[in-house]
Amino acid sequence: MTSTETTTDGSGHTMVGFGRRRFVAGAAVAGTAIAVLQAQRAHATPDAPSAGKINYKAAPAQQAAVKGNTVPAFPGCEGAGKFTTGGRGGKIYEVTSLDGGGAKGTLRDAVSADDRIVVFRVGGTIELEDGINITGNNLTIAGQTAPGDGIQITGNEFSVDASNVIIRYLRVRAGDRQKLEIDTMNGRGRRNIVVDHCSVGWGVDECFSLYGNYDVTVSNCLIHEGLAMSDHVKGLHGYGGLWGGQNISYYNNLLIHHGGRNPRFSFTEDMKQLVDYRNNVIFDYGYTSCYGAEWCEGINMVGNYYKPGPATLDSVAPHVIEPYRGGNWYLADNKIVGHPEITKDNTKGIELAVGGITLLPEPAAIPNPREKTQTPDEAYQTVLAGVGASIPHYDSVDTRLLNELRHGLGRLINSQSEVGGYPVLDNGDAPKDSDHDGIPDDWETAHDLDPTDPADGTAIADDGYANVEHYLNSIKPDITEYPSVKITSPKADNVVANGKATKSITVSADVTAVTGSKISKVEFYADDTLFGTATAAPYRATWNNAPLGNWYLSAKVTDDRGAKVQSTGVPVHLARSAKIKSWTSADIGEVGLAGGAFKDATTGDITISGAGKIRSNGANSTDVSTDVSALRKTDAFHYLYRPISAGPNDVVEIIARIDELSREWDGIYAGLMFRESLEPDAPFFTGGVMVSRDGLKDHVSRIRSFATEASVSDYPYDDGEVNPIKPRWVRLIKRGTEFEAHFGNDSLQWTRVGYERIVMPKKLYVGLVIDSNKQDNKITNYSTARFHNIKING
Numbered sequence: 139m140t141s142t143e144t145t146t147d148g149s150g151h152t153m154v155g156f157g158r159r160r161f162v163a164g165a166a167v168a169g170t171a172i173a174v175l176q177a178q179r180a181h182a183t184p185d186a187p188s189a190g191k192i193n194y195k196a197a198p199a200q201q202a203a204v205k206g207n208t209v210p211a212f213p214g215c216e217g218a219g220k221f222t223t224g225g226r227g228g229k230i231y232e233v234t235s236l237d238g239g240g241a242k243g244t245l246r247d248a249v250s251a252d253d254r255i256v257v258f259r260v261g262g263t264i265e266l267e268d269g270i271n272i273t274g275n276n277l278t279i280a281g282q283t284a285p286g287d288g289i290q291i292t293g294n295e296f297s298v299d300a301s302n303v304i305i306r307y308l309r310v311r312a313g314d315r316q317k318l319e320i321d322t323m324n325g326r327g328r329r330n331i332v333v334d335h336c337s338v339g340w341g342v343d344e345c346f347s348l349y350g351n352y353d354v355t356v357s358n359c360l361i362h363e364g365l366a367m368s369d370h371v372k373g374l375h376g377y378g379g380l381w382g383g384q385n386i387s388y389y390n391n392l393l394i395h396h397g398g399r400n401p402r403f404s405f406t407e408d409m410k411q412l413v414d415y416r417n418n419v420i421f422d423y424g425y426t427s428c429y430g431a432e433w434c435e436g437i438n439m440v441g442n443y444y445k446p447g448p449a450t451l452d453s454v455a456p457h458v459i460e461p462y463r464g465g466n467w468y469l470a471d472n473k474i475v476g477h478p479e480i481t482k483d484n485t486k487g488i489e490l491a492v493g494g495i496t497l498l499p500e501p502a503a504i505p506n507p508r509e510k511t512q513t514p515d516e517a518y519q520t521v522l523a524g525v526g527a528s529i530p531h532y533d534s535v536d537t538r539l540l541n542e543l544r545h546g547l548g549r550l551i552n553s554q555s556e557v558g559g560y561p562v563l564d565n566g567d568a569p570k571d572s573d574h575d576g577i578p579d580d581w582e583t584a585h586d587l588d589p590t591d592p593a594d595g596t597a598i599a600d601d602g603y604a605n606v607e608h609y610l611n612s613i614k615p616d617i618t619e620y621p622s623v624k625i626t627s628p629k630a631d632n633v634v635a636n637g638k639a640t641k642s643i644t645v646s647a648d649v650t651a652v653t654g655s656k657i658s659k660v661e662f663y664a665d666d667t668l669f670g671t672a673t674a675a676p677y678r679a680t681w682n683n684a685p686l687g688n689w690y691l692s693a694k695v696t697d698d699r700g701a702k703v704q705s706t707g708v709p710v711h712l713a714r715s716a717k718i719k720s721w722t723s724a725d726i727g728e729v730g731l732a733g734g735a736f737k738d739a740t741t742g743d744i745t746i747s748g749a750g751k752i753r754s755n756g757a758n759s760t761d762v763s764t765d766v767s768a769l770r771k772t773d774a775f776h777y778l779y780r781p782i783s784a785g786p787n788d789v790v791e792i793i794a795r796i797d798e799l800s801r802e803w804d805g806i807y808a809g810l811m812f813r814e815s816l817e818p819d820a821p822f823f824t825g826g827v828m829v830s831r832d833g834l835k836d837h838v839s840r841i842r843s844f845a846t847e848a849s850v851s852d853y854p855y856d857d858g859e860v861n862p863i864k865p866r867w868v869r870l871i872k873r874g875t876e877f878e879a880h881f882g883n884d885s886l887q888w889t890r891v892g893y894e895r896i897v898m899p900k901k902l903y904v905g906l907v908i909d910s911n912k913q914d915n916k917i918t919n920y921s922t923a924r925f926h927n928i929k930i931n932g
């Protein structure tokens, strides 16, 4: 007898099925793939299409300029969007202002009308208050024309709400400045779109969610660092993107440092899902790989290169796909670094919920397919050589990311500030263009055009391209080699814990210049705060009066050519720690980073810091993507404790108010604990608060002698409900063998959340605990909590 269950993989999506197990439908499945698909849809849950025959909605009408066109969007463009024309034949629009508003000369105004080729006469950053919607059809946005360091768009969404659009060489980075649940780039329901050589990152919701469209090519894009614990109501979020649609091609893109949706192929009602996902690189794919594609007609996954990174869960690293039920997939020649058995046989890298998929014997047909599919290793080298906004040259963010890909560095981030913040881009000077036709005078002269004739820029040449397109397609990167920089001191995850409220840290960097160039300066950052600059070796700076907390130290090098490179941030943890009278501070189990405790002499508050994970804590966060049997069998946490003596008739209670709990990761926990011994596998009873979604859960866990797993209670009980982030009173009571946990907004009214009977010896321990919800990856977080008015009675 089977029973339905709902599971979640930690990225916020749920799967309804009949238990999690492997089930692959291949050639032996009766009927054709579409027949199976229709039958499954007829008996589906609400996430499925309506029952009966599939009535697909007609695609939007193509723009007239696209109909019958046989000239690629640009030389080398392939895939379903190949014959997008963009603004070919339209007017030249010059962006002359970095203002984020809609006045003449701004990018917002440029994309508001049809039939334009948008060129940039200024480089730098366009800061948005409101998002930009591209509403002009037949549009080309030529980011490669920006002088200086190129163009960067920050602060809000950049949305495609038009058809026949070409976007190239832009940097779009939303970030958390406005505290909004925003994507970085998105768009739905449109036709003929090409996005090429763009760098898109720092989304609070997703970074790149261009899905539910028709005839699209996304190529050579660097999609980076969704913000994990940022400003999303669901808490842990910040994903790669929602992808898919009807006739969609993805070639040579890089997805890097995303917890989930790497990507998520999204179902769209009344629309065929036909995707060619080929020769992409996926690095540091957190807690879910590529997934979704429920009920899809065909997803081709061919020649992609998966490289697990520091934040990739060990249990997720082998997954090529985690498909939902009803989809049709073609898998071939995908590589997972470190897992040769899956590289050899991709079907071993399929992780499924029941409902099954169909493995297609041949790739699904996509218009204008790639002429030559690369091997995964060739795709990896292609990405390293030129993915993202490489014209005019990479900025310090992209150079850091490519270095992290190359060397297996980095991590998921919670804010762009952790990696130095938005880079400052030089404005530069645009080349002289006397007739404002989008082509510099010297290029026109060299190519037998008239620099005083504004009409020859948009004139169509014999090969079908406008003259201005010939110029756009001729622009090459002006820098192709970059200096290197890395922090050599302090070491990563250094804990500086003493009684001082501020610290002093000296940071050193190793810098190597490109042959023939010189290093102009090296700037040192703590997160996005500049604290020192060195202009000659040895490159070092001292950060004085450094405040408490977790910080990421990095160095940004600039050379005499204008090349800029930021190092990978080195995490350091600055805490207060000192002996506290009548308390003992100790790490229990293998915590990874040494914890500590400090008592404020004025308020009496106690702050504890530490790492690790108590058994089963965080079980409603990312751990649910693993089997229960894989959960930690021993504890690892920091414990500030007292030994006590309590017989079978004695009553002991401990009460405290938890005023603060840091939020480096989902499932971080601080609370009170009774414990049988200081061994990592000892029975315990603990109650406290746990980071969940955008708030806190009351959390109780307990384990008896010889138990294989802890029992857990959370309040509020509904997974979608949390308590606000504010001080929370906690009380644990021991009455003989009975233990209770109570919670309240004050110390007068209590709600009992947990109860257990545990036999403990007369001598046991009571105190304060913290853990950082350590995951099965290479990242160790370090968390801090502050307790007020601690009392032990009995």
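Its first residue numbered 139, the sequence shown is counted upward by one per residue in the numbering used here. Note that the Cβ used here is the ideal one computed from N, Cα and C, for glycine as well.
Where the beta strand (DSSP E) through residue i begins and ends
i, result
"Trp681", "677-685"
"Tyr231", "229-233"
"Lys702", "702-704"
"Glu859", "Segment: none, Glu859 is in no beta strand (DSSP E) and carries neither H nor E."
"Asn418", "From DSSP, Asn418 is part of no beta strand (DSSP E); its letter is neither H nor E."
"Asp334", "329-334"
"Ser572", "Careful: Ser572 lies outside any beta strand (DSSP E) and carries neither H nor E."
Under 8 Å between C-beta atoms of residue i and residue j
i, j, result
"Pro456", "Tyr429", "no"
"Ser297", "Asn275", "no"
"Asp909", "Phe823", "no"
"Asn565", "Gly238", "no"
"Arg678", "Val634", "no"
"Ser839", "Val850", "yes"
"Ala502", "Leu380", "no"
"Ala222", "Ile279", "Checking the sequence, you will find Thr at residue 222 rather than Ala. Their beta carbons are not under 8 Å apart, which means Thr222 does not touch Ile279 by this criterion."
"Thr772", "Pro821", "no"
"Ala604", "Arg309", "no"
Sequence-distant residues of its chain with Cβ nearer than 6 Å to residue i (five each side left out)
i, result
"Asp252", "Gly274, Asn275, Asn276"
"Asp452", "Asp914"
"Tyr231", "Ala248, Arg254, Val256"
"Pro505", "Ala218, Asn385"
"Val789", "Arg873, Gly932"
"Glu927", "According to the sequence shown, residue 927 is Asn rather than Glu. Answer for Asn927: Arg795, listed in chain order."
"Ile270", "Arg246, Phe296"
"Leu109", "Residue coverage of the chain in this structure runs from 139 to 932, which leaves residue 109 outside it and unanswerable."
"Tyr518", "Val419, Tyr443"
"Val458", "Asn472, Asn484, Gly487"
"Val209", "Gly602"
Interface flag, residue i vs chain B, CB-CB below 8 Å
i, result
"Gly546", "No chain B is present in this structure, which holds just one protein chain."
Own chain partners of residue i with C-beta closer than 7 Å, once the 5 adjacent residues on each side are dropped
i, result
"Ala523", "none"
"Asn400", "Gly378, Leu393, Ile420, Tyr423, Thr426, Ser427, Cys428"
Sequence-distant residues of the same chain with beta carbon closer than 8 Å to residue i, five excluded per side
i, result
"Lys242", "none"
"Pro621", "Val649, Thr650, Ala651, Val652, Ser655, Ile657, Val695, Asp697, Ala701, Val703"
Nearest-angstrom beta carbon gap, residue j and residue i [assumed within contact, 8 Å]
i, j, result
"Ile577", "Val708", "Wrong, their Cβ atoms sit about 46 Å apart, outside the cutoff."
"Lys710", "Ile643", "For the record, residue 710 in the displayed sequence is Val; it is not Lys. About 7 Å separates the two Cβ atoms, so the contact holds."
"Arg315", "Gly293", "6 Å"
"Tyr415", "Ile394", "Their Cβ separation, rounded to whole angstroms, is 16 Å, which puts Tyr415 and Ile394 out of contact at 8 Å."
"Arg538", "Ile617", "Actually they do not touch by this definition, with Cβ atoms about 15 Å apart."
"Leu348", "Ile361", "No, Leu348 and Ile361 are not in contact; Cβ-Cβ is about 11 Å, not under 8 Å."
"Asp832", "Val860", "7 Å"
"Pro589", "Glu582", "4 Å"
"Asn911", "Ile806", "5 Å"
Run of the alpha helix (DSSP H) containing residue i, from where it starts to where it stops
i, result
"Gly524", "514-524"
"Asp579", "579-584"
Does the stretch 901-908 come close enough to the stretch 776-794 to have 3 or more Cβ pairs within less than 8 Å? yes
Between the stretch 817-832 and the stretch 875-893, do at least 3 Cβ pairs fall closer than 8 Å? yes
Would you be able to state if there are at least three C-beta pairs under 8 Å between the stretch 495-514 and the stretch 437-447? yes
Check whether the stretch 363-382 touches the stretch 334-344, counting contact only when three or more Cβ pairs, one atom from each stretch, lie closer than 8 Å. yes
Are the stretch 681-697 and the stretch 644-658 touching by the rule of at least three beta carbon pairs closer than 8 Å? yes
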